[in-house]
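**Student:** If you're matching positions, the sequence shown starts at 15 in the working numbering and goes up one per residue. Could you have a look at this structure, given as structure tokens, before my questions?
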Amino acid sequence: MNLLESLRVALRALMANKLRSALTMLGIVIGVAAVITLMAAGRGVQVYVTEQFQGIGTNLLFVIPGRMESGGGPGHSVVRRLTMGDVAVLSDPLRLPDVARVAPVYERTATVVAEGRQTSTQILGVTPEFEQVRNWHPLVGEFISQHDVESRARVAVLGQTVVEDLFPDNPYPIGETVRINGVPFRVIGVLEEKGGTFTDADDTVLVPLTTAQVRLFSARTASGEYRVSYILVEAVGEDR
Numbered sequence: 015m016n017l018l019e020s021l022r023v024a025l026r027a028l029m030a031n032k033l034r035s036a037l038t039m040l041g042i043v044i045g046v047a048a049v050i051t052l053m054a055a056g057r058g059v060q061v062y063v064t065e066q067f068q069g070i071g072t073n074l075l076f077v078i079p080g081r082m083e084s085g086g087g088p089g090h091s092v093v094r095r096l097t098m099g100d101v102a103v104l105s106d107p108l109r110l111p112d113v114a115r116v117a118p119v120y121e122r123t124a125t126v127v128a129e130g131r132q133t134s135t136q137i138l139g140v141t142p143e144f145e146q147v148r149n150w151h152p153l154v155g156e157f158i159s160q161h162d163v164e165s166r167a168r169v170a171v172l173g174q175t176v177v178e179d180l181f182p183d184n185p186y187p188i189g190e191t192v193r194i195n196g197v198p199f200r201v202i203g204v205l206e207e208k209g210g211t212f213t214d215a216d217d218t219v220l221v222p223l224t225t226a227q228v229r230l231f232s233a234r235t236a237s238g239e240y241r242v243s244y245i246l247v248e249a250v251g252e253d254r
């Protein structure tokens, strides 16, 4: 049987079983479409995850407090809190030459009030290094400076969500006053929109690290050191 005759036989079979042929073709179409959709979705997820990691920084380490066994057997452990002493060690180029930047963070939740409105938000006490390490830049205004940290300045950089909650008619409230736990702060910047997968990164207020540790919250330990919530460590690039 030649090719032409085979084609004729196939066409006659299709015409004789129209419903079965239509269902078969429909199944093939649905199957191919499903495969294409899954491949596209998989590629989309891959791109999204890659972008999220790039946003955080592929050479960034989060140093967080951990538990230490106290020697009293299972269940007997103490929390090893981080302090500015740990920050000093991580910042020592003689000990850790592969560290490019160190950014300590003191994090707490507080009530922020402005113009008769209030919101409960995340307060981050940071240093200037935080801007580059986390890639959090001001859309308008300026970031926390070293002078702000040294002087324990009462200045704040607001996330987009906080601006919308407190200043719905003023997207750039530079120079305005907000009260954090009753303490007045001058707004010096508004962050670019960051978004977030599980939490709203824009629901944040940044203040100088020392201001958070001393003026807003009690971060001093019995030994006189100041606690930090976590430490961001950026490694040097491969092309150093």
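Beta carbons: idealized from backbone N, C-alpha and C, even for Gly. These figures come from a predicted structure and were not determined experimentally.
1) What is the rounded straight-line gap between the Cα of T133 and the Cα of P111?
2) If distances are taken between C-alpha atoms only, which option among D214, G173, R166, V228 comes closest to Y186?
3) Where V204 and T218 are concerned, what is the direct C-alpha to C-alpha distance, given to the nearest angstrom?
4) Starting from the N-terminal side, write out each stretch of the beta strand (DSSP E) that is 3 residues or longer and does not extend beyond the region 140–182.
5) In chain order, what residues of the same chain lie with their CB nearer than 8 angstroms to the CB of V154, ignoring the 5 residues before and after it?
6) Taking C-alpha atoms, which residue in G80, T97, L75 lies nearest to T235?
7) Using 10 angstroms around the beta-carbon of V140, count the other beta-carbons present and answer buried if the total reaches 16, otherwise exposed.
8) Indicate whether the contact test is met: 3 or more Cβ pairs, each with one atom in the region 164–179 and one in the region 101–117, closer than 8 angstroms.
9) Quick one: what's R131 bridged to in DSSP?
10) Going straight from the alpha carbon of A266 to that of R241, what length do you get?
11) Between which two residues does the alpha helix (DSSP H) containing L246 stretch?
12) With a CB to CB cut of under 7 angstroms and the five nearest residues on each side skipped, what residues in its chain are close to V101?
13) How big is the Cα-Cα spacing for D183 and A249?
14) Measure the C-alpha to C-alpha separation of E200 and V192 and round it to an integer number of angstroms.
15) Which residue from T224, A170, G209, V103 puts its Cα closest to that of P198?
16) How about V147 and T135: are their beta carbons less than 8 angstroms apart?
17) Against chain B, with Cβ distances strictly below 8 angstroms, would L110 count as a contact?
18) To the nearest angstrom, how far is the alpha carbon of G80 from that of G99?
19) My assumption, with CB atoms under 8 angstroms, is that R229 sits in contact with R131. Please give the rounded CB distance.
20) Run the CB neighbour count on E145, radius 10 Å, all protein chains shown included, and call it buried at 16 or more, exposed below.
**Tutor:** Result, derived from the coordinates:
1) 42 angstroms
2) G173
3) 10 angstroms
4) 152–155, 169–172
5) Y186, I188, G203, V204
6) T97
7) buried
8) no
9) A128
10) Residue coverage of the chain in this structure runs from 15 to 254, which leaves residue 266 outside it and unanswerable.
11) Not the alpha helix (DSSP H): L246 falls in the beta strand (DSSP E), residues 244–249.
12) V116, P118, V242, I245
13) 41 angstroms
14) Reading off the sequence, residue 200 comes out as Arg, not Glu. Looking at the two C-alpha atoms, the distance is approximately 6 angstroms.
15) A170
16) no
17) Protein chains in the displayed structure number just one, and chain B is not present.
18) 16 angstroms
19) Between R131 and R229 the Cβ distance is about 22 angstroms, and since that is not below 8 angstroms, they are no contact.
20) buried
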